[in-house]
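Take a look at the structure below.
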Amino acid sequence: MSRTTDTERGAHIALETAIHRLVQPDLFDAGLPPSWWHAVEMAAHDQLDECAALRIAQQVCA
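For my numbering, add 18 to where a residue sits in the sequence shown, where the first one is 1.
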């Protein structure tokens, strides 16, 4: 199994942050609307899906 890339780490951090901000909006008053955090969450999911697909493609070609 290959190591986690910096891109994956960043996507995981973004995903966790977005989820926490959506679940507990009072705790993190960032002044950003929930729609912005939903967009961050979706982008993080997309990035993680892309990383997973790339990892699978690399295993198939190896």
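All C-beta atoms, glycine included, are put in the ideal place defined by N, C-alpha and C.
Computed from a prediction, not measured in an experiment: that's the story for all the values here.
Could you tell me the boundaries of the alpha helix (DSSP H) in which residue i lies?
| i | result |
| --- | --- |
| G117 | In the structure as shown, the chain begins at 19 and stops at 80. Residue 117 is therefore absent and cannot be evaluated. |
| T23 | Note, T23: premise wrong, no alpha helix (DSSP H); not H, not E. |
Please determine, among the options, the residue with the shortest C-alpha to C-alpha distance to residue i.
| i | options | result |
| --- | --- | --- |
| L33 | L72, Q76, A71, L66 | L66 |
| M60 | Q42, R73, H30, R21 | H30 |
| G28 | I74, A75, A62, R73 | A62 |
Rounding to the nearest angstrom, what Cα-Cα distance links residue i and residue j in this structure?
| i | j | result |
| --- | --- | --- |
| S53 | A71 | 27 Å |
| D47 | H56 | 16 Å |
Taking residue i and residue j to be in contact with their CB atoms under 8 Å, please state how far apart those CB atoms are, rounded to whole angstroms.
| i | j | result |
| --- | --- | --- |
| T25 | C79 | Contact doesn't hold; Cβ gap of about 19 Å is too wide. |
Once the 5 residues before and after residue i are set aside, which same chain residues still bring their CB inside 6 Å of it?
| i | result |
| --- | --- |
| V58 | A32, A36 |
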